[in-house]
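Encoded as structure tokens, the structure appears first; notes follow it.
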Amino acid sequence: MAERVLAHRKSNKANGIGTYMDYSLLFIVIFLLGFGLVMLYSTSSYEANLTFDGDSAWYFRKQLWATILGVVVMLTVANIPYHFWERFAVLGYLVTIVLILLIIPFGRESHGAKRWLIIAGVSFQPAEAAKLCMILFLSSMICSMGKRIRTRKGFYMVMAIPVPIALMLWRITRNMSSAIIVMGIAALMLFVSCPDYKRFVLLGLAALVGAALLVFVIVRMADAGADELNFRGARILAWLDPEAYASGTGFQTLQGLYAIGSGGILGKGLGASKQKLGFLPEAQNDMIFSVICEELGLFGAIAVILMFIMLIWRFMVIANNAPDLFGALLVVGVLGHIAIQVILNIAVVTNTIPNTGISLPFISYGGTSVMFLLIEIGLVLSVAKGIHLKDL
Amino acid sequence: MRETDDYHNAQKTFHRNKTVTVLFLCIAVFLGLIVRLVYLMVFQSEHYMQKAKELHERERVIKAARGRIIDANGEILADNRTVCTISVIHNQIENADEVVAVLSKELDLSEEYVRKRVEKYTSIEKIKSNVDKSVGDIIRSYELAGVKVDEDFKRYYPYDSLASKVLGFTGGDNQGIIGLEVIYEEYLKGEAGTILTVTDAKGVEVPEAGEERIEPVNGKDLYISLDRNIQSYATQLALQTMETKQAESVSIIVMNPQNGELMAMTNVPEFDLNNPYTLPEELGEADLSAEKEQELLNAMWRNGCINDTYEPGSTFKTVTAAAALEEGVVTVDDSFSCPGYVMVGDRRIRCHKIAGHGAQNFVQATMNSCNPVFVTVGLRLGVDNFYKYFRQFGLLDKTGIDLPGEAGTIMHKKENIGQVELATISFGQSFQITPIQLAVTAASIVNGGKRVTPHFGVRVANADGTGSQSFTYQVREGTISEETSATMRYMLEQVVENGGGKNAYIEGRRIGGKTATSQTLPRGSGKYIASFMGFAPADDPQVLAICIINHPQGTYYGGQIAAPVIKQLFENILPYLEE
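Just so you know, the sequences run in chain order R and P. Be aware that the first sequence starts at -16, since it is given in this note's numbering, and climbs by one per residue. Be aware that the second sequence starts at 35, since it is given in this note's numbering, and climbs by one per residue.
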């Protein structure tokens, strides 16, 4: 591990002490941001041109500003020692709850779900803040628990912390994917901070069996001709056979599959997607990966996945060399957030799991998302800076 | 820094292991997703690509121009005219009011009608088809967004009703409905092309995607043996005859007896090919039921020369004579006596000349069209021989003419033919054949025994003359010997020079022929069919014509009313054909 870090070493000549800036991570993030902007423009320009009266760069420009702002914030955060944020852990947790509750009276509705708050003219998704605050709060809490985390009580306590937020996200903002991510982050951080495996294997198996059972029950209900299946039930049926629900619940999935399938091995070429011409709903948003597949083919899709694997690998390297547990846990939380979101997004787009709205980090359209992701990267870079070469 | 120390000592190892585990878990999941992507993008690629293509492309059909029909002299009898179809594309309309105003004005439609269609939410809505090209050009010049003017072909017959029952006409999809248009459909119709345009989800064409064009293959031109001049003259004669004789209908067939090429075929009244669904005024009453109207239309379109059968009457004596001569049961010099009737079993069959023709040889009997003599000859032949010749002449089969709906011969079963039936068959009664069947059979009797296939189609070729493809037709030789054929030509020439067909005689021409007058069933209805079969030159027939007058008023003898028609026809067309 030491050699790898040394390769990225940057000596601080003024202090004479070697501090570490993870340029690999920085490069991967900047690459993903640049690539994301190109794909966003490619995907959204046709529709923007129609929707915003000839302004084909409408989405692109908004995203570009959010990205530039995000990079500035990231670099700022990267230069603030991460322990500075520990004191805001509890406050962040509470503020998250308040923000989500504020959605009930003040939230802006879109696509049948209230997810946005308008603060000083800028629309903002509390769900994104919730993920960051959860990472911060759990890191701080696990550190203060010390060895108590290994007890059964400690285990359940950590698992209970994200539940109210997850439930609120699910019930108030009708955003199940964010709820899943919050729970997933907590589970992953807990996994890393506990020495045993058995409990987690059982937990994973229980989740799998539960999901399988749910699918089985819904399919049986549908076979029995039950009408009162809610929209999530319908989504599961559409997942199993999207072509049978082509005009309804399965529409987006099927349009995404058309895009992915028609990309083939080499793709149609950048800008040549047909599905983005209004056929694929949310093309620049949750479904952007299918447009990447259509335009850049299997090679492009695998290249994007490899970039994310490299990103996760850098997180792992930094986490394992972090100066303290708090830093390591922060990085593991960010790793969990990004890994889960990428996996869920690609799984949804390829119809590997039932459809749930989830964006692709750094690439999908969404200012709040890219802002908070860059704050998280800033935290990771800050942790990486704390790696003193003498510690290695 | 206690915490940090702890961290560095005891916990770090398992934390590291766990983080590495997380990394590998992630990599494993990503590999699974890659496998899924490979499945979708390699193995399912074709399926989804096809589905997506269907979704993105709008198909517009480009009609192929139907092949023309061209007569023996290169005159175009069936052509295509460019017409326009005006449609609107809802999503592309920018100024709906203007579109409504212009279209209703130029197309002479009510504003409501146009507005309803303009406001209808469909990808493409047809406003009017078969619009004149000039009107289409005017509408195009407005350059209205969302209005499409598509050019199309419509069948057009320059000579309106000329040879209507032969040529036939086409339906809404440019497909043949009757006549040659049906039989030569596969050559005439060509192959439609398509324009595939890529559209976005709202149906708006994506300009940079371009369009994929599959060019139509135009139909081939059909060259036919029909001669517009002869057809036109035959039609005139037939119409004139129909009027003067107040007949129900008149049919004329003009054929080359050597190869079966038909030069004219008319059945008056004809109908207007450019308005084939318009009934004649006296029939076209407003309150016709759809069924009744269709019935009347079918009757109007009927080609009597091939769709209907009739009792040929005395023209059929040529067949009896040829068979008897060929079989050797009679010679030209055999002498007969006609008392005005002949007894067959206990039946008395009368001659048309009640007083009888007295003593006569076989040639004279033919000239006189003497029934008792032909009954005698027919009985000499016997059922077996008669049936043999029926088969040999091809009378039991269809002629194979290249027109749809040829009727078959209605003949007694061989085992049902008794003496009386045999006697009536001998002078052309108690069975029915089509006029074209008579023409082909007569042709084989005078052309040396060749059973030709009557036809119009000579060849097909592309509009630029390339790809010419000639049709060949079966010719079966040996229906009778050349010797018998020569005898028949001589006898039939005698009929015209000195016998019952003398009204067809033309000074300085050698014409052969035979008259017929048959009563239509039921007997005693007072309705007759007068007919005449003639050919020229009598020693080497190059043209054979048949005229059939259905239900004439007043004089109904073939020799009196049908023979002069053929005479007039020959007077005009023989010099013309010699040119």
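Where is the CB? At the ideal position from N, CA and C, for every residue including glycine.
- Task: Going by CA-CA distance only, name the one from P:T119, P:T116, P:H90 and P:R151 that's closest to V133 of chain P.
- Result: P:R151
- Task: List the residues that DSSP assigns as beta-bridge partners of L256 of chain P.
- Result: P:I103 and P:V494
- Message: To the nearest angstrom, how far is the alpha carbon of A272 of chain P from that of C385 of chain P?
- Response: 30 angstroms
- With a floor of 4 residues, list each alpha helix (DSSP H) that falls wholly inside the region 291 to 362 of chain P, ordered by position along the chain. 324 to 335, 338 to 341 and 351 to 361
- Query: So who's on the other strand from M567 of chain P, going by DSSP bridges?
  - Reply: Its beta-bridge partners are P:K548 and P:I580.
- So what does DSSP say about S371 of chain P, is it helix, strand or coil? strand
- Just the chain P side, please: which residues come within less than 8 angstroms of M299 of chain R by C-beta, in chain order? T53, V54, V56 and L57
- Query: Where does L111 of chain P sit, in a helix, a strand or coil, going by DSSP?
  - Reply: strand
- Query: CB-CB under 6 angstroms to M276 of chain P, same chain, minus the five flanking residues each way: which ones, in chain order?
  - Reply: V284 and V302
- Could one say the Cβ of M297 of chain P lies closer than 7 angstroms to chain R's Cβ atoms, at least one of them? no
- Taking 7 angstroms as the CB-CB cut-off, is F262 of chain R touching chain P? With a threshold of 7 angstroms between beta carbons, F262 of chain R makes contact with chain P.
- Can you tell which of R:F43, R:S176 and R:M293 has the C-alpha that lies nearest to the C-alpha of F138 of chain R? Measuring from the Cα of F138 of chain R, the nearest candidate turns out to be R:S176.
- Item | Assigned secondary structure, V198 of chain R (DSSP; H/G/I helix, E/B strand, else coil) | helix
- Could one say the Cβ of R70 of chain P lies closer than 7 angstroms to chain R's Cβ atoms, at least one of them? yes
- For I86 of chain R and L100 of chain R, believed in contact at Cβ under 8 angstroms, the rounded distance: 6 angstroms
- Query: If you measure beta-carbon to beta-carbon, which residues of the region 77 to 91 of chain P are closer than 9 angstroms to chain R?
  - Reply: Q78, S79, E80, H81, Y82, M83, Q84, K85, A86, K87, L89 and H90
- Item | Interface positions of the region 324 to 347 of chain R facing chain P (Cβ-Cβ less than 9 angstroms), listed along the chain | Flagged, chain order: V325, I326, I329, A330, T333, N334 and T335.
- Determine the direct distance from the alpha carbon of T134 of chain R to that of M140 of chain R, and round the result to whole angstroms. 10 angstroms
- Item | Cβ-based neighbour list, Q508 of chain P, same chain, cut-off 6 angstroms, excluding 5 preceding and 5 following | For Q508 of chain P, where only same-chain residues beyond five positions count, the Cβ hits under 6 angstroms are T487.
- Cβ contact check for the region 181 to 199 of chain P and the region 98 to 112 of chain P: 3 or more pairs under 8 angstroms: yes
- Task: Tell me, please, whether the CB atom of R50 of chain P is closer than 7 angstroms to any CB atom in chain R?
- Result: yes
- Message: Taking the alpha carbon of G588 of chain P as the reference point, which residue from P:K46, P:Q466, P:V169 and P:Y562 has its own alpha carbon closest?
- Response: Distance check between G588 of chain P and each of P:K46, P:Q466, P:V169 and P:Y562 places P:Y562 closest, using alpha-carbon atoms only.
- Task: If I'm right that V315 of chain R touches T53 of chain P with Cβ under 8 angstroms, what's the distance once you round it to whole angstroms?
- Result: 6 angstroms
- With a CB to CB cut of under 8 angstroms and the five nearest residues on each side skipped, what residues in its chain are close to Y29 of chain R? So the list reads S39, K259, L260 and G261, once near-sequence residues are dropped.
- Message: If distances are taken between C-alpha atoms only, which option among P:G224, P:D321 and P:G180 comes closest to V122 of chain P?
- Response: P:G180
- Opposing strand residues paired with D186 of chain P [DSSP bridges]: P:V117
- Answer with yes or no whether the minimum CB distance from G233 of chain R to chain P is below 7 angstroms. no
- Sort R:A195, R:L16, R:L15 and R:T26 by Cα distance to G239 of chain R and report the nearest one. R:T26
- Message: Within the continuous alpha helix (DSSP H) that includes F58 of chain P, where are the two ends?
- Response: K46 to V72
- Query: Name the chain P residues that come within less than 8 angstroms of L281 of chain R, Cβ to Cβ?
  - Reply: L71, V72, M75 and V76
- Should the region 471 to 482 of chain P be regarded as contacting the region 501 to 519 of chain P, the criterion being three or more beta carbon pairs within less than 8 angstroms? yes
- Compare the C-beta of F490 of chain P against all C-beta atoms of chain R and say whether one is closer than 7 angstroms. It does not; no Cβ of chain R falls within 7 angstroms.
- Chain-ordered chain R contacts of C118 of chain P [CB-CB under 8 angstroms]: The contacting residues do not exist; C118 of chain P stays about 30 angstroms from chain R at best.
- For F174 of chain R, return the contacting residues in chain P, with the cut-off set at a CB-CB distance below 9 angstroms. What F174 of chain R touches in chain P: K52, T55 and V56.
- Could you please give the first and the last residue of the uninterrupted beta strand (DSSP E) stretch that includes L262 of chain P? The residue you asked about is not Leu; residue 262 of chain P is Arg in the sequence shown. R262 of chain P -> not in any beta strand (DSSP E); alpha helix (DSSP H) instead, spanning R262 to T278.
- Query: Using a Cβ-Cβ distance under 7 angstroms, would G246 of chain R count as near chain P?
  - Reply: So yes, G246 of chain R belongs to the interface.
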